[in-house]
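Step one of this worksheet: look at the structure below.
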Amino acid sequence: MDRIINPPVSMSLFFFLFLLLPLLFFMLFINIISISFTKLGFHPSFAFLLLFGSLIGSFINIPLKELESEGDFLSYKPSRLGWFFPEPVIERKTVKTVIAANVGGAMIPVLVSGILIFRCPEMLPAIIIGTIICVLVSYMVAQPVPGMGIAMPIFVAPLTSAVVAVILAALFPGTARTVVAYTSGVLGVLVGADLLNLDKIKKLGAPTASIGGAGTFDGIFLTGILAVLLV
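Sequential numbering from -12 applies to the sequence shown in the numbering used here.
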């Protein structure tokens, strides 16, 4: 006798659950950010305000400066096989690059760092030492990417700031690891990866170079969040 095996979940329900996965991951990401802000000593309501401001601010770029340069820039054109196999083309042209600051990805993390420093001035020596170390590491691993901007491995800065925070907390009694991890990570990436590489931006051919331009998924923002979680 033939047996008919019914799946435990109907295909329509399975498809619906599959569509919910991005929403679940997004909610998990939001919860992680809220936990990090709370660990920094912020009231849950203020942590939610920072989170909401970061998400909305990720769509806002504030222009700071415009650069103009002439040089050889890499672009691509379709080959005989189409866009699936593009051919690189070197073109000499004049390009204008707008340097901007992203509100959610850069300005809010810097604001949070400023609040933490203001609230914990006794931790300033540890924060300065941690920031200098993170600046050096970020500068060494950051790489210019033609047509895009400055990129660096996502986990290098959070791991560095977390390890540095643990060590400095042991050397400086009364120092909160979370505060040092967040501030040194955020300021270290901002200075080491972005500000110290501004002279390379005009050679990359990118129309816009936004500091923190990936919003809540930018290295500056994520470094602070992940560093706090790691300590």
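Backbone N, C-alpha and C define an ideal beta-carbon position, used for all residues, glycine too.
Nearest-angstrom Cβ-Cβ length linking residue i and residue j, presumed shorter than 8 Å
i, j, result
"ILE17", "LEU38", "7 Å"
"THR118", "SER197", "Actually they do not touch by this definition, with Cβ atoms about 22 Å apart."
"MET94", "GLY175", "The pair is not a contact, with the Cβ atoms about 17 Å apart (cut-off 8 Å)."
"PRO131", "LYS64", "Not really, about 22 Å apart at Cβ, beyond 8 Å."
"LEU222", "ILE116", "One cannot answer for residue 222 here, as it falls past the ends of the chain, which runs -12 to 218."
"ALA234", "ALA129", "Residue 234 lies beyond the range of the chain shown here (-12 to 218); nothing can be said about it."
C-alpha distance - residue i paired with residue j, whole-angstrom precision
i, j, result
"GLY199", "LEU98", "13 Å"
"THR195", "LEU185", "12 Å"
"PHE204", "GLY92", "Any reading at PHE204 needs caution, since the residue's pLDDT is 45, under 50, leaving its predicted position unreliable; the model's value is listed next. One C-alpha to the other measures close to 7 Å."
"THR25", "VAL166", "11 Å"
"ARG164", "ALA138", "27 Å"
"HIS30", "LEU183", "34 Å"
"LEU158", "LEU111", "13 Å"
"LEU15", "ALA144", "22 Å"
"ALA152", "PHE142", "15 Å"
"LEU42", "LEU177", "19 Å"
"ILE19", "GLU78", "44 Å"
"PRO108", "SER23", "21 Å"
"MET127", "PRO140", "11 Å"
Residue i burial status per 10 Å Cβ neighbour count (16 or more: buried)
i, result
"THR81", "exposed"
"ALA34", "buried"
"GLY161", "exposed"
"SER32", "exposed"
Contacts around residue i, its chain only, beta-carbon distance under 7 Å, and the 5 residues preceding and following it disregarded
i, result
"VAL173", "PRO96, VAL97, SER100, ILE207, THR210, GLY211"
"ILE114", "ILE104, VAL167, THR170, SER171"
"SER21", "ALA34, PHE35, LEU38"
Close beta carbons around residue i, own chain, < 6 Å, minus the five adjacent residues each side
i, result
"THR147", "CYS121, VAL124"
"ALA149", "ALA168, ALA214, LEU217, VAL218"
"GLY40", "ILE95"
"ASN48", "ALA87, ASN89, SER197"
Cβ shell of residue i (< 8 Å), same chain only, five flanking positions each side left out
i, result
"GLU53", "LYS83, THR84, VAL85, ILE86"
"GLU55", "THR81, VAL82, LYS83, THR84, LYS189"
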